[in-house]
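Residues 8 to 114 (the working numbering) make up the sequence shown, in order. All residues carry an ideal CB built from backbone N, CA and C; glycine is no exception. The structure presented is a predicted model; accordingly, all values stated were derived computationally and were not measured.
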Amino acid sequence: MLSVLAEHPGLGVTELAEAIGVDQPRASRLVQDAMDAGLLTRKPDPRDGRRSVVELSAAGRDHLERAVRERRESVESGLAGFSADDTRVFADLLERFVAALADRESP
């Protein structure tokens, strides 16, 4: 959710729900939990004052950057013993795996 909001700031809860693949009530709970943790802020939608939009707070951006950095370090650590050829093969297989998952999830 945080990475989606980093790429698309100012989404409404309904748009966020679609982007992360959950229903609107679940997205509302996730947003509220993240707001309670200080990771998100909510403000009026500049296009429609009846709605609100959600954005990352400074703490949310810091949290996301830290998570991405830690994930990258974990992958790099896991690949440390791989040769360049092994790394290419692994990357190819991982791309195929992700594509297969995406194909299964498409209507």
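Taking histidine 70 as the centre and dropping the five residues before and after it, the same chain places the C-beta of Leu9 and Leu46 closer than 8 angstroms to its C-beta, in chain order. Here the alpha carbon of alanine 44 sits roughly 10 angstroms from the alpha carbon of valine 38. Going by DSSP, arginine 54 is part of no beta strand (DSSP E) at all; its letter is neither H nor E. By the Cβ test, the segment 49-64 is in contact with the segment 16-25, since at least three Cβ pairs between them sit closer than 8 angstroms.
Here arginine 49 is bridged, per DSSP, to Val61.
The beta carbon of arginine 95 sits closer than 8 angstroms to none of the beta carbons in its chain outside the five residues before and after it.
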